[in-house]
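Chemist:
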Amino acid sequence: MPELPEVETLKRELQAELVGKKIKEVFPFDPKLKEARELLKGEVKAVERHGKVLIFQIEDHLITLWLGMTGRLKLGDADLPPRLSLKFTGGTIHLIDPRRFAKIGLQDGLPQGIDPFQKEAAQFLFERAKGIKRPIKSLLMDQDYVLGFGNIYTCEILFRAKINPFLPSSDLSLEEWNLLFEVAKRVLEEAISLRGTTFSQWRDLYGQQGLFRERLMVYRREGEPCLRCGTLIRREVLQGRGTWFCPNCQKEG
Numbered sequence: 004m005p006e007l008p009e010v011e012t013l014k015r016e017l018q019a020e021l022v023g024k025k026i027k028e029v030f031p032f033d034p035k036l037k038e039a040r041e042l043l044k045g046e047v048k049a050v051e052r053h054g055k056v057l058i059f060q061i062e063d064h065l066i067t068l069w070l071g072m073t074g075r076l077k078l079g080d081a082d083l084p085p086r087l088s089l090k091f092t093g094g095t096i097h098l099i100d101p102r103r104f105a106k107i108g109l110q111d112g113l114p115q116g117i118d119p120f121q122k123e124a125a126q127f128l129f130e131r132a133k134g135i136k137r138p139i140k141s142l143l144m145d146q147d148y149v150l151g152f153g154n155i156y157t158c159e160i161l162f163r164a165k166i167n168p169f170l171p172s173s174d175l176s177l178e179e180w181n182l183l184f185e186v187a188k189r190v191l192e193e194a195i196s197l198r199g200t201t202f203s204q205w206r207d208l209y210g211q212q213g214l215f216r217e218r219l220m221v222y223r224r225e226g227e228p229c230l231r232c233g234t235l236i237r238r239e240v241l242q243g244r245g246t247w248f249c250p251n252c253q254k255e256g
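And the structure:
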């Protein structure tokens, strides 16, 4: 699933290619996206990001695109059958979405979490996590607490901050929350500079893979030595999601 770095990558590329141009025709090849024919027509005034959601200002309307599990946008020729194509002054953009979970609609019902790049993120989470015993990894992936985190970057951030993913959220001090978000910003900025992480589906607007996969320190590395201490990386399941961590560097308590 595209997470914050992948969506931010797309946002920046779309700002360069689409803003100030007019979407002339919309071709929805999936009946579930037929309403997009009218929603997406007009001049694109802005493209922004809200967590994992892209927001397009088209004329006076705000339109959201949630990419789901496998959604991505491709400029030029489609490399897979598209669910939808946009013809604009300058070219064509296709929505590629093999698992067909992507959604397009008016801006409403967006998650209410805080963006990790906001300076008050640590204080916000410290206050909201008081009395909450759910594991820190689970809370970080909840879009009503933090926007944009998914499984890959949550595992990587917790490892680099030396925080156990199963630690109760309320156990973190303000100092630890500050450290966590300092690390998060570094990880996310590095991933954005590399166009995100590609394992199978993800490509940017130009069809290029994300290269942050080469920088992963724990995600999908179970049984391999920790790059910090040499202890074998462990994988456990937390709320149905694979969770990778170092049992030595990320001791609980």
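Residue numbering for the sequence shown is 4 to 256, as defined by the numbering used here. From the three backbone atoms N, C-alpha and C, an ideal C-beta is built for every residue, glycine too.
(1) Go through its chain and collect everything with a Cβ distance to V50's Cβ below 8 Å, but skip five positions before and after it.
(2) Check whether the region 120 to 131 touches the region 168 to 185, counting contact only when three or more Cβ pairs, one atom from each stretch, lie closer than 8 Å.
(3) I need the boundaries of the alpha helix (DSSP H) containing W180, first residue and last residue.
(4) Do three or more CB pairs link the region 62 to 72 to the region 93 to 104 at distances below 8 Å?
(5) Between F129, R86, E28, L98, which has its C-alpha nearest V149's C-alpha?
(6) Could you give the residue range of the beta strand (DSSP E) that holds S173?
(7) Give me, in chain order, the residues of the same chain whose beta-carbon lies closer than 8 Å to that of F91; leave out the 5 immediate sequence neighbours on both sides.
(8) If you follow the alpha helix (DSSP H) that R224 is part of, which residue opens it and which one closes it?
(9) Exposed or buried, what is G151 when buried is set at 16 or more other beta-carbons lying within 10 Å of its beta-carbon?
(10) If you drop the 5 nearest sequence neighbours on each side, which residues of the same chain put their C-beta closer than 6 Å to that of I135?
(11) Considering K14, what are the terminal residues of the beta strand (DSSP E) in which it resides?
(12) Below 8 Å on the Cβ atoms is my contact criterion, and I expect Y209 with E159 to pass it. Report the Cβ-Cβ distance as a whole number of Å.
(13) Buried or exposed: where does P119 fall if 16 or more other Cβ atoms within 10 Å of its Cβ makes it buried?
(14) According to DSSP, is S88 helix, strand or coil?
(15) Would the beta-carbon of E11 fall within 9 Å of that of R40?
(16) Which residues share a DSSP beta bridge with F59?
(17) Are the beta-carbon atoms of E6 and G112 separated by less than 9 Å?
(18) Considering F162, what are the terminal residues of the alpha helix (DSSP H) in which it resides?
(19) Got a sec, what are the start and stop residues for the beta strand (DSSP E) F30 sits in?
(20) With H, G and I counted as helix, E and B as strand and the rest as coil, what does DSSP make of F248?
(21) When you compare the CB positions of L177 and I139, do they come within less than 9 Å of one another, or not?
(22) Under a Cβ-count criterion, where at least 16 other Cβ atoms within 10 Å of its own Cβ denotes burial, should F248 be classed as buried or exposed?
(23) If F169 sits next to C252, beta carbons under 8 Å apart, how far is it from one beta carbon to the other, in whole angstroms?
(24) Could you compute how far the alpha carbon of K77 sits from the alpha carbon of L241?
(25) Check whether chain C comes within 9 Å of F248, counting only Cβ atoms and requiring the distance to be less than that.
(26) Going by DSSP, name the residue or residues bridged to T95.
Modeler: Put simply:
(1) Stepping through the sequence shown from its first residue, residue 50 is reached at position 47. These residues qualify, in order along the chain: K14, L17, Q18, L21, V22, L57, I58, F59, Q60.
(2) In this structure the region 120 to 131 touches the region 168 to 185; the number of beta carbon pairs closer than 8 Å is three or more.
(3) The count along the sequence shown starts at 1 and reaches residue 180 at position 177. Where W180 is concerned, the enclosing alpha helix (DSSP H) stretches over 177 to 196.
(4) yes
(5) Residue numbering aside, residue 149 sits at position 146 when the sequence shown is read from its first letter. With distances taken between Cα atoms, V149 lies closest to F129.
(6) Locating residue 173 in the sequence shown gives position 170, where the first residue counts as 1. It is not in any beta strand (DSSP E) - S173 carries neither H nor E in the DSSP assignment.
(7) Here residue 91 refers to the residue found at position 88 when the sequence shown is read from its first residue. Cβ neighbours of F91 within its own chain (closer than 8 Å, five residues either side excluded): L21, K24, K25, I26, K27, V47.
(8) As a first step, residue 224 is located in the sequence shown; it is residue number 221 there, counting from the start. No alpha helix (DSSP H) contains R224, which DSSP labels as neither H nor E.
(9) Position 148 of the sequence shown holds residue 151. Buried, because 16 or more other Cβ atoms sit within 10 Å of the Cβ of G151.
(10) By 1-based counting over the sequence shown, the position of residue 135 is 132. Excluding positions up to five away in sequence, the list reads S172, S173.
(11) Indexing the sequence shown from 1 puts residue 14 at position 11. That residue, K14, is in no beta strand (DSSP E); its alpha helix (DSSP H) goes 7 to 20.
(12) Here the question's residue 209 lines up with position 206 in the sequence shown. Here the question's residue 159 lines up with position 156 in the sequence shown. Going by Cβ atoms, the distance from Y209 to E159 rounds to 25 Å, so no, they are not a contact pair.
(13) As a working note, residue 119 is residue 116 in the sequence shown. By the neighbour-count rule (16 or more Cβ atoms within 10 Å), P119 is buried.
(14) Here residue 88 refers to the residue found at position 85 when the sequence shown is read from its first residue. If DSSP states are grouped into helix, strand and coil, S88 belongs with the strands.
(15) To locate residue 11, count along the sequence shown from 1; it is residue 8. To locate residue 40, count along the sequence shown from 1; it is residue 37. Cβ atoms of E11 and R40: not closer than 9 Å.
(16) Taking the sequence shown and counting its residues from 1, the one referred to as residue 59 is at position 56. Paired residue(s): V50, I66.
(17) For this step, residue 6 is matched to residue 3 along the sequence shown. For this step, residue 112 is matched to residue 109 along the sequence shown. Cβ atoms of E6 and G112: not closer than 9 Å.
(18) To locate residue 162, count along the sequence shown from 1; it is residue 159. Residues 154 to 163.
(19) Counting from 1 along the sequence shown, the entry for residue 30 is found at position 27. It spans 25 to 31 - the beta strand (DSSP E) in which F30 sits, taken as one unbroken run.
(20) What you label residue 248 is simply residue 245 of the sequence shown in a count that begins at 1. F248 falls in the strand class under three-state DSSP.
(21) By 1-based counting over the sequence shown, the position of residue 177 is 174. By 1-based counting over the sequence shown, the position of residue 139 is 136. No, Cβ-Cβ distance for L177 and I139 is not below 9 Å.
(22) Position 245 of the sequence shown holds residue 248. Buried, since its Cβ has 16 or more Cβ neighbours within 10 Å.
(23) What you label residue 169 is simply residue 166 of the sequence shown in a count that begins at 1. What you label residue 252 is simply residue 249 of the sequence shown in a count that begins at 1. In fact, because the Cβ distance is near 14 Å, the residues do not count as touching under 8 Å.
(24) Stepping through the sequence shown from its first residue, residue 77 is reached at position 74. Stepping through the sequence shown from its first residue, residue 241 is reached at position 238. Between K77 and L241, the C-alpha separation is close to 34 Å.
(25) Any reference to chain C falls outside this structure, which holds one protein chain only.
(26) Here residue 95 corresponds to residue number 92 of the sequence shown, with the count starting at 1. Within the DSSP bridge table, the entry for T95 names K90 as partners.
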